[in-house]
Amino acid sequence: MRVILMTGKGGVGKTSVAAATGLRCAELGHKTLVLSTDPAHSLADSFDLELGHEPKQVRPNLWGAELDALMELEGNWGAVKRYITQVLQARGLEGVQAEELAILPGMDEIFGLVRMKRHYDEGDFDVLIIDSAPTGTALRLLSLPEVGGWYMRRFYKPFQGMSAALRPIVEPIFRPIAGFSLPDNEVMDAPYEFYEQIEALEKVLTDNTETSVRLVMNPEKMVIKESLRAHAYLSLYNVATDMVVANRIIPDTVNDPFFERWKANQNVYKQEIYDNFHPLPIKEAPLFSEEMCGLSALEKLKEILYGDEDPSQVYYKENTINIIQGKDHYSLELYLPGIPKEQIQLNKTGDELNVRIGNHRRNLVLPQALAALNPTGAKMEEDYLKIRFSDLAKV
Numbered sequence: 275m276r277v278i279l280m281t282g283k284g285g286v287g288k289t290s291v292a293a294a295t296g297l298r299c300a301e302l303g304h305k306t307l308v309l310s311t312d313p314a315h316s317l318a319d320s321f322d323l324e325l326g327h328e329p330k331q332v333r334p335n336l337w338g339a340e341l342d343a344l345m346e347l348e349g350n351w352g353a354v355k356r357y358i359t360q361v362l363q364a365r366g367l368e369g370v371q372a373e374e375l376a377i378l379p380g381m382d383e384i385f386g387l388v389r390m391k392r393h394y395d396e397g398d399f400d401v402l403i404i405d406s407a408p409t410g411t412a413l414r415l416l417s418l419p420e421v422g423g424w425y426m427r428r429f430y431k432p433f434q435g436m437s438a439a440l441r442p443i444v445e446p447i448f449r450p451i452a453g454f455s456l457p458d459n460e461v462m463d464a465p466y467e468f469y470e471q472i473e474a475l476e477k478v479l480t481d482n483t484e485t486s487v488r489l490v491m492n493p494e495k496m497v498i499k500e501s502l503r504a505h506a507y508l509s510l511y512n513v514a515t516d517m518v519v520a521n522r523i524i525p526d527t528v529n530d531p532f533f534e535r536w537k538a539n540q541n542v543y544k545q546e547i548y549d550n551f552h553p554l555p556i557k558e559a560p561l562f563s564e565e566m567c568g569l570s571a572l573e574k575l576k577e578i579l580y581g582d583e584d585p586s587q588v589y590y591k592e593n594t595i596n597i598i599q600g601k602d603h604y605s606l607e608l609y610l611p612g613i614p615k616e617q618i619q620l621n622k623t624g625d626e627l628n629v630r631i632g633n634h635r636r637n638l639v640l641p642q643a644l645a646a647l648n649p650t651g652a653k654m655e656e657d658y659l660k661i662r663f664s665d666l667a668k669v
């Protein structure tokens, strides 16, 4: 299955681009699902029809759906939610308050990933287009498989085994005092089963032959800056970007004096997009005189973006991680475009290399050849962070 994630700063038009991409894929005969995982859904407005949690056919070969996070939560996390509710009620919270607080912050974002993985496993579609949350939220989603795995490996699995062993002994004492029971096997198993789904999803997200991100942006300073950071962070998580869409460009035919300053600024920022995102392919879409709402409007955007092309193709294969063997050392190369070296922090613990840029962190599990060595230097070169690994005893 081909998976395409559309993301960008809020309000840049990624939903319209996702919907137009779905139209073209369906037109070429690909069974296509456009799935919105953005909590502020606008996909139904873009298609100008009602959509729900389950895929609804929009036209031949094209389906649309808007994620209902509460339905996903009940299906995947229901036992845990009910247990948390029981604990909160035992501590004196009212029923409705306990129900609300049992839904942990960020769960709607997490279940967007679960829903995507389910569609991938079911294989009912040829192309899955994800109209994802705005950039910051989407990046947190992409880090979940690795961050979740780190906690599960170190803390949860040992705790689960200890809990199962102690429950029969502690429960008779614990319940009368606390007013609620210790978590049973169903509750304890749910988080780990959920983690296994997320871990499997990581393999899908990082396979650049199947999955790629398309960055949608407007030619504006703040939008470009955020998109540049997003591109670097995507590379940090080993998720490839294969295209940039510069959207809402004022056409040359607009001669109203009011727009002259806007057009001049857009020309400057448009050149920045080409300079900063090279060698990624860049497509341009104009600012239309009508709202991008309804199939007829989306048809125009589809024609401008793709013409006779198949948008399900991989437009550019980005190598985000390389390992190079030298004469007496290895070099681990991470593609981090636009990130100054001084913003990068590195730390090696055991067989893991921790890379931190701002508030984004990735724990890279090193291959055996590098795990036994020590990092002896790092430099930025042509947008790659090159980390040298050597045996200190031989240096």
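Note that my numbering has the sequence shown beginning at 275, numbered continuously upward. Ideal Cβ placement from N, Cα and C applies to all residues, glycine included. Since this is a predicted model, take the numbers as computed values, not measurements.
Residue range of the unbroken alpha helix (DSSP H) whose run includes residue i
i, result
"G296", "K288 to E301"
"L572", "L569 to Y580"
"D549", "E534 to F551"
"Q642", "Q642 to A645"
"D516", "No alpha helix (DSSP H) contains D516, which is instead part of the beta strand (DSSP E) from T515 to I523."
"A318", "L317 to F321"
CB contact flag (residue i, residue j, <8 Å)
i, j, result
"D516", "S486", "yes"
"L336", "L309", "no"
"L659", "L575", "no"
"I631", "Q617", "yes"
"C299", "T289", "no"
"Y604", "A643", "yes"
"P649", "K622", "yes"
"N550", "L502", "yes"
"A339", "L325", "yes"
Sequence-distant residues of its chain with Cβ nearer than 8 Å to residue i (five each side left out)
i, result
"A520", "M491, N492, P493, K544, I547, I556, K557, E558 and A559"
"G303", "N335"
CB-CB length for residue i against residue j, believed under 8 Å
i, j, result
"G287", "M496", "15 Å between Cβ atoms; not a contact."
"A294", "D405", "With a Cβ gap of about 11 Å, A294 and D405 do not count as contacting."
"V478", "Y394", "6 Å"
"A506", "G612", "6 Å"
Beta-carbon contacts of residue i that lie in its chain and below 7 Å, excluding the five residues immediately before and after
i, result
"V639", "D625 and E626"
"D319", "C567"
Continuous beta strand (DSSP E) stretch holding residue i: start and end
i, result
"L508", "Unbroken run through L508 is the alpha helix (DSSP H), K495 to L510; no beta strand (DSSP E)."
"E565", "That residue, E565, is in no beta strand (DSSP E); it is neither H nor E in DSSP."
"D405", "V401 to D405"
"L606", "Y604 to Y609"
"I598", "I595 to Q599"
"S486", "T485 to M491"
"A559", "I556 to P560"
"T306", "T306 to S310"
"E340", "L336 to E340"
"T480", "Taken as a continuous stretch (DSSP letters only), T480 belongs to no beta strand (DSSP E), as it is neither H nor E."
"K591", "Looking at the DSSP string, K591 is not in any beta strand (DSSP E), and its letter there is neither H nor E."
"V279", "The question names Val, yet the displayed sequence has Leu at residue 279. First-last of the beta strand (DSSP E) with L279: R276 to T281."
"V528", "Here V528 belongs to no beta strand (DSSP E), and DSSP marks it neither H nor E."
Neighbourhood of residue i by C-beta distance below 6 Å, restricted to the same chain and skipping five residues each side
i, result
"L508", "V487 and T515"
"P525", "P560"
"D481", "none"
"A504", "T409"
"V669", "Reliability of the predicted coordinates at V669 is poor, the pLDDT of 46 falling under 50, and the value obtained from them is presented with this limitation in mind. Correct list: empty, nothing qualifies."
Residue i CB to nearest heavy atom of the ligand FAD below 7 Å
i, result
"E534", "Summarising the ligand content, the structure contains no ligands, and the ligand FAD is consequently not present."
Original post:
Whole beta strand (DSSP E) runs in the region 616 to 663 with 3 or more residues, listed along the chain?
Top reply: Whole beta strand (DSSP E) segments, 3+ residues: 618 to 623, 626 to 631, 634 to 639 and 648 to 655.
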